[in-house]
Amino acid sequence: MAVLYERVALIGLGLIAGSMSLAMRRAGLAGEVVGYARSAETREIARDIGLCDRVCDSAADAVKDADLVVLCVPVGAMDAVAREIAPMLKPGAVVSDVGSVKRTVIDAVAPHIPDGVHFIPAHPLAGTEHSGPRSGFAELFDDRFCILVPPEGSDRTEVDRLAALWRGMGSQVDEMEADHHDLVLAVTSHTPHLIAYTMVGVADDLRRVTDSEVIKYSAAGFRDFTRIAASDPVMWRDVFLNNKEATLEILGRFTEELFALQRAIRQGDGDHLHEYFTHTRAIRRGIIEAGQDTDAPDFGRKKAKSD
Ligand code: NAP
360 MAVLYERVAL
370 IGLGLIAGSM
380 SLAMRRAGLA
390 GEVVGYARSA
400 ETREIARDIG
410 LCDRVCDSAA
420 DAVKDADLVV
430 LCVPVGAMDA
440 VAREIAPMLK
450 PGAVVSDVGS
460 VKRTVIDAVA
470 PHIPDGVHFI
480 PAHPLAGTEH
490 SGPRSGFAEL
500 FDDRFCILVP
510 PEGSDRTEVD
520 RLAALWRGMG
530 SQVDEMEADH
540 HDLVLAVTSH
550 TPHLIAYTMV
560 GVADDLRRVT
570 DSEVIKYSAA
580 GFRDFTRIAA
590 SDPVMWRDVF
600 LNNKEATLEI
610 LGRFTEELFA
620 LQRAIRQGDG
630 DHLHEYFTHT
640 RAIRRGIIEA
650 GQDTDAPDFG
660 RKKAKSD
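Following this line, the structure appears as structure tokens:
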């Protein structure tokens, strides 16, 4: 595949930046990938494992002469990072990000972007519960969606070039408006994470079930919750602080549905439960048909001894 950007700078060197670097290398999409992380320890690890072509000791050094700069830090750190790099951005460069929330990131970053520099926010809908410079892998974005959120009046050639980069890294690309993105993600990702965090917290609180029993007899449902609830605490703190309204809106609806199911159980209303579960099963089938998961039993896990 052709080189799309001569120099790409990744600011923040964790799961997403690491995966981007490896995916760009796999497809030959960038002439050079340079990186910067705030801690010396992360920079050292990134150098050791060859995470990108060159690791710089300052964000300013990394973005100097870069054609594409991607902010890969937690949502709450975008403002400070954008402020720091702004004076060093090359005219005509593109700044993008991978933050899980879009409206507050746009509000935080856009004011720092100098005239003549393009800002095209993005969000790859791909991740794992692992974080840090060792957690990235080239296949992370394969067949997953990346949502671009170009502000009105964005340069079409640059939006298309960024879309081509994400396609080259394996993604399918869609465009969305920022508030709509935040609402969709509140439904598909943010609220489910909050529910997982809560369920794992509840199990932990239940002293009638000892900790060892929770772990020993963890069935598929609870195990999946624990995997999600192991996600990075800083990233998820920032997601909820920054997608406040949409998450609270969906959480309100969730609570109403939960009460309705609670009532059905109390009243022995099997028809209600059956109808509800039939509908949710169809949604799962839709996800599989859209190629966003496989229908391997138990998410393709080998049967654990304790099951
Ligand atoms: P990560 O693995 O935890 O890496 C975060 C990176 O940001 C690290 O290099 C860290 O530096 C740096 N960083 C943290 N706080 C910072 C601060 N206050 N100032 C400057 N740098 C800071 O995170 P990630 O999973 O790659 O997530 C990065 C972004 O992608 C987030 O905005 C997240 O919302 C978004 N995202 C994540 C996922 C996912 O599932 N993980 C999916 C899609 C999008 P040090 O190592 O030096 O501390």
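Here the sequence shown is numbered in the numbering used here, starting from 360 and rising by one per residue.
Glycine is no exception: its CB is placed at the ideal position from the N, C-alpha and C atoms.
C-alpha gap between residue i and residue j, whole angstroms
i: Gly529; j: Asp654; result: 21 Å
i: Leu448; j: Leu369; result: 13 Å
i: Arg526; j: Gly627; result: 50 Å
i: Glu648; j: Met535; result: 22 Å
i: Lys603; j: Arg643; result: 27 Å
i: Phe613; j: Val432; result: 30 Å
i: Arg384; j: Glu615; result: 47 Å
i: Ala419; j: Thr401; result: 17 Å
i: Tyr635; j: His482; result: 32 Å
i: Thr557; j: Pro551; result: 10 Å
i: Asp541; j: Gly458; result: 11 Å
i: Ala452; j: Val546; result: 34 Å
i: Val593; j: Ser490; result: 10 Å
i: Phe496; j: Val543; result: 26 Å
Sub-8 Å separation of residue i and residue j beta-carbons
i: Gly435; j: Leu600; result: yes
i: Arg520; j: Leu620; result: no
i: Glu667; j: Ile587; result: As displayed, the chain neither begins before 360 nor continues past 666, which places residue 667 out of reach and without an answer.
i: Val508; j: Pro473; result: no
i: Arg413; j: Glu391; result: yes
i: Val422; j: Val429; result: no
i: His631; j: Ala641; result: no
i: Ala389; j: Met360; result: no
i: His539; j: Thr606; result: no
i: Phe500; j: Ala376; result: no
i: Val464; j: Val598; result: no
i: Gly373; j: Ser455; result: no
Proximity test, residue i beta-carbon vs ligand 1 heavy atom, cut-off 7 Å
i: Val434; result: yes
i: Pro480; result: no
i: Thr614; result: no
i: Cys320; result: Since the displayed the chain opens at 360 and closes at 666, residue 320 lies outside it and no answer follows.
i: Arg397; result: yes
i: Val422; result: no
i: Tyr529; result: According to the sequence displayed, residue 529 carries Gly and not Tyr. Gly529: no, Cβ never under 7 Å from ligand 1.
i: Ala382; result: no
i: Thr401; result: yes
i: Leu553; result: no
i: Leu372; result: yes
i: Gly458; result: yes
i: Asp466; result: no
Local conformation of residue i per DSSP, three classes
i: Lys662; result: Because Lys662 carries a pLDDT of 45, less than 50, the predicted location of this residue cannot be relied on, and the following value inherits that uncertainty. Reduced to three states, the DSSP call for Lys662 is coil.
i: Val559; result: helix
i: Leu369; result: strand
ask   = In chain order, which alpha helix (DSSP H) runs of at least 4 residues are fully inside the region 583-635?
value = Entirely contained in the region 583-635, the alpha helix (DSSP H) runs reaching 4 residues are, in chain order, 592-601, 603-625.
ask   = What residue ranges within the region 502-533 form continuous alpha helix (DSSP H) runs of no fewer than 4 residues, ordered along the chain?
value = DSSP runs (the alpha helix (DSSP H)) wholly in the region 502-533: 515-527.
key: Segments assigned beta strand (DSSP E), at least 3 residues, entirely inside the region 413-500   = Entirely contained in the region 413-500, the beta strand (DSSP E) runs reaching 3 residues are, in chain order, 427-430, 453-456, 481-483.
Alpha helix (DSSP H) segments (min. 4 residues) lying fully within the region 373-407 = Fully enclosed alpha helix (DSSP H) runs of 4 or longer: 374-386, 399-407.
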